[in-house]
Amino acid sequence: MSNISFDDFLKVDVRVGKVIRAEPFPEARKPALKLWIDFGAEIGERKSSAQITTHYQPDALVGKQVLAVVNFPPRQIGPFQSEVLVLGLPDESGEIVLIGPDEAVPIGGRMH
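Residue numbering for the sequence shown is 1 to 112, as defined by full-length UniProt numbering.
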């Protein structure tokens, strides 16, 4: 992997948002959930498709704070347009575990 400059890092806008709605995404090729995430007044509500069905049920995600890249261009995934990339890490089996703050923080906050 090549090194990037600090200026390159600053171009990636990672924000904290709160999941306000989540539902199954049966039309996706791989098992996924559709998420609606509130990033506060500056960014507003954005949608995301996330392959997180192993560890998360839709109802349990509502109210959860997550980190997401908010400045990627939207991506069409079947009939759903994903507007942000929710961030996570693979567990021992390669299944995604979401990344979020340990304590509640104001939504819309940018990662440093």
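Think of the CB as a built atom: it goes at the ideal place given N, C-alpha and C, for glycine as much as any other residue. No experiment lies behind these values; they were computed from the predicted model shown.
Next on the checklist: Bridge partners for G17 per DSSP, in chain order?
Outcome noted: Note: G17 is bridge-paired with V66 in the DSSP secondary-structure output.
Checklist entry - So the beta strand (DSSP E) K11 belongs to, where does it begin and stop? => result Element bounds for K11: not the beta strand (DSSP E) but the alpha helix (DSSP H), 6-11.
Next on the checklist: Under 8 Å, with one C-beta from each stretch per pair, do the stretch 3-14 and the stretch 26-40 reach the 3-pair mark?
Outcome noted: The stretch 3-14 vs the stretch 26-40: no contact.
Checklist entry - For the beta strand (DSSP E) that P101 lies in, which residues bound it at each end? => result Premise fails: P101 is in no beta strand (DSSP E) and is neither H nor E.
Item to check | Status (buried if at least 16 other CB within 10 Å, exposed otherwise) for S93 | outcome: The residue in question, S93, is exposed, as its Cβ has fewer than 16 Cβ neighbours within 10 Å.
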